[in-house]
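Residue numbers (our numbering): 125 to 222.
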Amino acid sequence: MGALIFYIAIYFIGYYAAHFLNQMVGRVLIRNRRIAGLILVFTVSIGHGYKIMSTPPPHDHDDGAGYAMGLYVIMPVTIIVIAVLYLMWREGNDDDVS
125 MGALIFYIAI YFIGYYAAHF LNQMVGRVLI RNRRIAGLIL VFTVSIGHGY
175 KIMSTPPPHD HDDGAGYAMG LYVIMPVTII VIAVLYLMWR EGNDDDVS
């Protein structure tokens with residue numbers, strides 16, 4: 125749960141950084157802020173995954189690095205990607221007249 129909250133915070137940092145960059149420049153440099161947030165999430169997850177794989181696990185944990193990768197990197201990033209894709213899909217359907 126903590127990793128999911130961490131990656132959600134990273135997503136919103138990227139999302140609002142793109143928004144503030146557009147505001148400071150005065151024009152649209154980054155069109156899709158959701159994708160900008162995902163790019164930051166992917167970048168941080170690559171660094172996080174590298175750190176997990178390159179360091180030995182603590183002595184009291186018998187779980188391997190694959191378990192840690194799945195629990196602390198792959199699962200939260202997958203949940204965020206699914207949520208963002210769903211929101212983008214819903215936003216695209218809002219233009220349809222029903």
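Glycine included, C-beta positions come from ideal geometry on N, C-alpha and C.
In terms of CA proximity to Ala127, Ile198 leads the group Tyr210, Ile198, Ala189, Glu215.
In the displayed model, Pro200 falls within a helix according to three-state DSSP.
Judged by DSSP secondary structure, Asn156 falls outside any alpha helix (DSSP H); it is assigned neither H nor E. Here Ser178 is exposed, its C-beta having fewer than 16 other C-beta atoms within 10 Å. A distance of 8 Å or more separates the beta carbons of Val201 and Tyr139.
Contact check for Gly161 against Tyr135 passes: the beta carbons are separated by less than 8 Å. Straight-line measurement puts the Cα of Asp186 at about 49 Å from the Cα of Gln147.
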